[in-house]
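A short worksheet on the structure shown next.
Number of protein chains: 2
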Amino acid sequence: MPEDWTSYVETIGREARRASEALAQLTDAARSAALRRIASSIREHRAGLLNANAKDIDAALQSGLAPALVERLKLNDKRIESMAVGVEQIASQVDPVGQTIEGYVRPNGLRIEKRRVPLGVILFFYESRPNVTSDAAALCIKSGNAVILRGGKEAFHSNRAIVGVIKDALREMPSEAHGSAVGLTNAVQLIESTDRALVPHLLKLDRYIDLVIPRGGESLIRAVVADSTIPVLKHYTGNCHIYVDRSIAGMEQQVRDICVNAKTSYPGGAVCNAVEHILVHRDVAETMVPRICEDLKTKGVEVRGDERVRKLVVAEATTPQDWDTEYLAFIVSLKVVDSIDDAIDHINRHGSRHTDAILSTDARAIEQFTKRVDSASVIVNASTRFADGGEYGLGAEIGISTDKLHARGPMGAADLTTYKWIVTGDGHVR
Amino acid sequence: MPEDWTSYVETIGREARRASEALAQLTDAARSAALRRIASSIREHRAGLLNANAKDIDAALQSGLAPALVERLKLNDKRIESMAVGVEQIASQVDPVGQTIEGYVRPNGLRIEKRRVPLGVILFFYESRPNVTSDAAALCIKSGNAVILRGGKEAFHSNRAIVGVIKDALREMPSEAHGSAVGLTNAVQLIESTDRALVPHLLKLDRYIDLVIPRGGESLIRAVVADSTIPVLKHYTGNCHIYVDRSIAGMEQQVRDICVNAKTSYPGGAVCNAVEHILVHRDVAETMVPRICEDLKTKGVEVRGDERVRKLVVAEATTPQDWDTEYLAFIVSLKVVDSIDDAIDHINRHGSRHTDAILSTDARAIEQFTKRVDSASVIVNASTRFADGGEYGLGAEIGISTDKLHARGPMGAADLTTYKWIVTGDGHVR
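Have a look at this one:
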């Protein structure tokens with residue numbers, strides 16, 4: 001491994017830019033054909049992918065990785081099949097590239113069009129789940145972008161095997177599909193080193209890379225933001241809340257079901273849209289807190305509570321840090337609040353602007369909550385687990401943006417595009 | 431002036447955030463009423479604004495500022511009236527806030543809505559023209575955002591006077607219009623110092639500020655990008671091109687008119703969408719280069735040319751730096767190119783991704799140029815000077831983004847918003 005990463009990352013960036021230019025010349029039919037070939041290839045190489053994944057799992061168990069994270073890391077036949085299906089579904093999505101977003105003629109006869117075009121080159125940092133590798137590669141190809149992947153070290157062997165399969169499929173594309181001798185294989189590149197020292201070099205490649213998406217822990221994201229001269233779309237983890245309003249008459253069972261679903265429906269609770277904190281209005285605390293806690297404990301969830309919660313149920317005491325923590329595990333903290341304003345203020349102060357829910361039958365409370373809670377997704381009377389590109393009908397997602405610019409919340413293929421103004425006149429001068 | 435800017439910028443940021451929360455509670459009617467009050471106030475304080483501007487003009491003349499820049503800086507009755515009219519026009523625009531961008535019901539009955547909301551707090555760096563101060567303040571108020579303004583030192587007295595007038599108008603707003611004792615006066619704040627040392631402190635206020643828009647010279651923008659932990663939308667200057675294709679039979683006079691208009695229709699050529707470089711296909715060089723040059727020289731434009739141009743006309747020789755230079759003056763460089771591919775490659779290599787035009791009657795050439803030129807605005811058979819929010823029908827513009835994320839090209843009020851996903855269920859679990 002070289003100690004000076006400058007020339008290594010320079011090559012990666014230059015090749016990605018070149019591949020993005022080749023991709024931009026392809027029709028949607030050709031990009032989709034490439035994706036279907038990748039899906040077949042994933043199925044054909046199942047055994048190899050499982051072998052590579054086994055190395056990661058062994059290393060994870062030896063290093064004492066948390067069970068929920070080991071579970072996230074694991075591939076099996078079903079997960080490999082669902083990776084292939086995911087790539088096929090992305091192939092079948094409507095092509096966002098070339099869409100006219102707006103188009104009109106000005107009073108002077110100038111025709112104005114906003115036309116969707118690929119961003120160019122995307123640098124994607126992510127952690128743990130290997131299926132993210134194929135999803136991200138497929139979404140980028142679908143939207144006409146080249147991608148540079150930097151996965152977590154825990155999934156290193158799995159990611160390398162998946163990207164190998166993808167590149168083989170791209171290499172075998174008939175040349176008429178990409179029009180020239182320029183290969184598409186570098187449309188998807190993996191950083192083949194877990195050395196952190198190369199990251200700052202990557203983040204200075206603004207002449208080749210158009211967007212950085214860091215999806216993972218807060219320290220990773222802060223480091224990326226500090227070092228990057230490329231625009232960044234942050235994907236902070238989800239410190240998600242449910243607020244149980246005073247007005248829930250007739251929906252008590254729904255409240256209980258939603259709280260349990262939001263915490264436990266993903267294995268180990270290790271997912272960014274799982275609820276971490278439940279805020280209960282004082283008027284319904286006496287009836288609801290014991291029931292919610294019992295339901296959660298039955299499912300094996302550790303319940304923590306503030307002082308008022310602990311007068312109603314047996315629970316570990318929360319510390320101030322609890323309210324800023326995304327557990328990514330079967331742990332939840334409960335708090336009794338005096339008003340909806342207190343709930344909103346708590347969420348805006350401690351949340352991560354990801355996904356927060358209100359459970360209520362009161363239209364005015366719902367209006368106030370949806371207006372004032374400053375989060376990408378505000379959910380009414382449903383589980384926080386719905387905050388997801390697939391559930392929103394976007395197809396697969398590259399992630400869930402906690403930023404406000406460009407794309408907020410679940411990001412699909414269309415969010416990996418920009419637009420161009422095409423202005424057509426007939427000798428117009430101003 | 432304090433030497434440690436930390437507490438000064440902290441106060442500015444905190445007050446802006448607070449004002450943005452007050453603004454977010456206002457109806458469009460209240461925000462528009464505030465803008466109309468600002469417009470009246472600008473008219474009433476014309477004398478004061480002219481006095482303040484005279485100080486800047488004196489200083490500019492003494493410091494030997496370029497004539498075109500002095501011209502940009504100057505206020506007069508007509509320009510003050512057009513500032514007031516500009517604010518009124520923004521008041522009358524359709525309110526972008528609260529719009530449902532998309533809305534649909536999923537097969538499981540979940541209702542999904544993308545609803546437009548203000549970004550929050552915007553930090554705006556800009557140079558020279560004082561009317562930008564009132565335009566930017568009005569656009570931010572219209573879209574529900576608080577703004578922190580940092581103008582160029584040349585316009586310091588003018589900007590301070592304009593912001594003073596705006597704040598007075600906001601202070602006098604009847605309290606029912608903003609619903610609470612929280613004033614709106616800090617919705618618009620000016621950094622009252624030209625000390626560069628405070629800039630890095632401002633750029634770390636990511637807990638208060640949602641977006642930085644630097645509009646000005648390249649060194650300013652690079653410094654902002656390097657220091658900022660807040661997302662940045664860059665507004666680089668425009669190194670704009672016109673490509674005169676081989677197929678221009680019957681539109682020779684239009685070509686001449688467009689070249690002259692694109693260079694000379696703004697006083698001094700000191701505007702970002704003026705043409706700086708004209709690329710002429712070799713097949714029409716012999717006829718067109720002499721005519722274009724003559725037209726430009728008649729208007730007082732200095733013409734520079736490459737070797738092949740200088741075989742056809744008397745012109746200064748270009749140096750390699752010319753092709754990367756935005757003159758912002760009555761200077762233009764001409765070059766003869768062998769093909770449309772050469773023109774496109776030249777533009778993508780030397781341009782600033784701002785605005786580039788093709789003049790041609792050949793549909794295939796136009797298709798190739800609009801597809802491959804990687805610029806925010808690609809103009810066909812019209813002057814580059816049309817790249818402008820007003821001309822595109824956006825109303826006033828906060829600037830012209832040369833970035834690809836979030837907003838590209840001319841940015842209006844809607845580009846100062848983000849969205850929120852509002853997801854409504856009826857006890858839905860996943």
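Protein chains in written order, with the working numbering: chain P, 1 to 430; chain G, 431 to 860.
Even for Gly, the Cβ is constructed at its ideal location relative to N, Cα and C.
Note that the coordinates shown come from a computational prediction; the quantities given were computed from them, not determined experimentally.
Beta-bridge partners of residue 786 of chain G (DSSP): G:671, G:808. Close to residue 640 of chain G, with beta-carbon spacing below 7 Å, are these residues of chain P in chain order: 404. Nearest CB-CB separation between residue 385 of chain P and chain G: below the 7 Å threshold. For residue 707 of chain G, the pairing in a beta bridge is given by DSSP as G:671, G:763. Within the segment 13–37 of chain P, complete alpha helix (DSSP H) segments of at least 4 residues are not found at all. Boundaries of the alpha helix (DSSP H) around residue 89 of chain P: 77–92.
Under the Cβ distance rule, residue 531 of chain G does not count among the residues neighbouring chain P, no pair being separated by less than 7 Å. Residue 480 of chain G has its alpha-carbon roughly 56 Å from the corresponding atom of residue 11 of chain P.
Contact with chain G is absent for residue 244 of chain P, since none of that chain's Cβ atoms lies less than 7 Å from the residue's Cβ. Remark: C-beta atoms of residue 143 of chain P and residue 359 of chain P do not approach each other more closely than 7 Å. Excluding its 5 nearest sequence neighbours in each direction, residue 767 of chain G has C-beta neighbours in its own chain below 8 Å: 673, 709, 710, 711, 712, 773, 776, listed in chain order. Contact annotation: in the segment 406–424 of chain P, residues whose CB is within less than 8 Å of a CB in chain G are 406, 408, 409, 410, 418, 419, 420, 421, 422, 423, 424. Closest in alpha carbon position to residue 855 of chain G, among G:541, G:455, G:509, is G:541. With a threshold of 7 Å between beta carbons, residue 810 of chain G makes contact with chain P.
Cβ contact annotation for residue 366 of chain P (same chain, cutoff 7 Å, sequence separation greater than five): 358, 360, 380, in chain order. Two segments are said to touch when three or more pairs of C-beta atoms, one from each, lie closer than 8 Å; by this definition the segment 655–670 of chain G touches the segment 820–835 of chain G. Separation of residue 399 of chain P and residue 133 of chain P (C-alpha to C-alpha, rounded to the nearest whole angstrom) is 12 Å. The shortest C-alpha to C-alpha distance from residue 118 of chain P to any of P:83, P:70, P:68, P:187 is the one to P:187. Chain order gives the chain G residues near residue 393 of chain P as 534, 536, 542, where near means a beta carbon separation below 8 Å. Inclusion of residue 422 of chain P and residue 808 of chain G in the CB contact set at 7 Å is warranted, their separation being smaller than that value.
Contact between the segment 80–95 of chain P and the segment 36–45 of chain P is present: 3 or more CB-CB pairs across the two stretches fall below 8 Å. If the five residues before and after residue 299 of chain P are omitted, its C-beta is found closer than 7 Å to the C-beta atoms of 260, 264, all from its own chain and listed in chain order. Annotation for residue 720 of chain G: the continuous alpha helix (DSSP H) segment containing it runs 712–728. Remark: C-beta atoms of residue 554 of chain G and residue 643 of chain G approach each other more closely than 7 Å. Within 7 Å of the CB of residue 856 of chain G, the CB atoms of chain P belong to 381, in sequence order along the chain.
Comparing C-alpha distances from residue 97 of chain P to each of P:27, P:62, P:85, P:148 shows the shortest one belongs to P:27. DSSP, reduced to helix, strand and coil, places residue 826 of chain G outside both helices and strands of the structure shown, so it counts as coil. Selection P:95, P:383, P:160 evaluated against residue 266 of chain P yields P:383 as nearest (Cα-Cα). Contact annotation for residue 257 of chain P against chain G: 857, 859 [CB-CB distance below 9 Å, chain order]. For residue 691 of chain G, at least one C-beta of chain P is nearer than 7 Å to its own C-beta.
Here residue 762 of chain G is buried: its Cβ has 16 or more other Cβ atoms, across all protein chains shown, within 10 Å. Not one beta carbon of chain P lies nearer than 7 Å to the beta carbon of residue 790 of chain G. Nearest to residue 752 of chain G by C-alpha distance, out of G:821, G:671, G:687, G:827, is G:671.
Rounded to the nearest angstrom, the Cβ distance from residue 205 of chain P to residue 23 of chain P is 18 Å, too far for a contact under 8 Å. A Cβ-Cβ contact shorter than 7 Å links residue 106 of chain P with residue 823 of chain G. Looking from the CA of residue 167 of chain P, the closest CA among P:149, P:407, P:356, P:252 belongs to P:149.
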